[in-house]
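K.L.:
According to the numbering used here, the sequence shown is numbered sequentially starting from 2. Quick one: the structure is below, questions incoming.
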Amino acid sequence: MRLTEQWTATAKSVFLFDVQGAVAKSTHAGLPWLRYLRQECQRKIHFWPFDGWDIPQGASVVAEVYPSLWTKRFPRENRDGDQQAAYAVAAWLRRADLNDSLVSFFHPPLELEERKAAEIEGWILGVV
Numbered sequence: 002m003r004l005t006e007q008w009t010a011t012a013k014s015v016f017l018f019d020v021q022g023a024v025a026k027s028t029h030a031g032l033p034w035l036r037y038l039r040q041e042c043q044r045k046i047h048f049w050p051f052d053g054w055d056i057p058q059g060a061s062v063v064a065e066v067y068p069s070l071w072t073k074r075f076p077r078e079n080r081d082g083d084q085q086a087a088y089a090v091a092a093w094l095r096r097a098d099l100n101d102s103l104v105s106f107f108h109p110p111l112e113l114e115e116r117k118a119a120e121i122e123g124w125i126l127g128v129v
């Protein structure tokens, strides 16, 4: 498991295939699309934290999220599970941006060696 997965109670490893709740197939199916975005958009896109922990002014950010961190924090209303997950991520990001806490989530409290590992392994935005 990556360090970020060790810091959460229920996150599944992106390397575990064919187990209940696995995200590995989705993760690995999406990687070619990230490469495509990198090639087509040049430096307009910031892949966090791989491109650095600080987001350049005017850049769009691609970051890994774990919707389960927030799905129960927002009323479900008439949304199905996938819709609720997407809504919860967007609502949390909006709220964190409006209350000026979002920047702190882009800088999780990691020791130097942990930060170096996360720069290679990746990190889940919101895990602190």
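For each residue, glycine too, the CB sits at the ideal point set by N, CA and C.
So, for Phe18: in the same chain, excluding its five sequence neighbours on each side, which residues have a beta-carbon less than 7 Å away from its beta-carbon?
P.N.:
So the list reads Ala25 and Lys26, once near-sequence residues are dropped.
K.L.:
Can you name the start and end residues of the alpha helix (DSSP H) that Ser105 belongs to?
P.N.:
Run containing Ser105: Leu103 to Phe106, per the alpha helix (DSSP H) assignment.
K.L.:
Excluding sequence positions up to five away, which residues of its chain have a Cβ less than 7 Å from the Cβ of Arg80?
P.N.:
Closer than 7 Å at the Cβ level, and outside the excluded window around Arg80, lie Tyr88.
K.L.:
Where does Ala12 land, buried or exposed, given buried means 16+ other C-beta within 10 angstroms?
P.N.:
That one is buried.
K.L.:
Using three-state DSSP, classify Ser61 as helix, strand or coil.
P.N.:
Three-state result, Ser61: strand.
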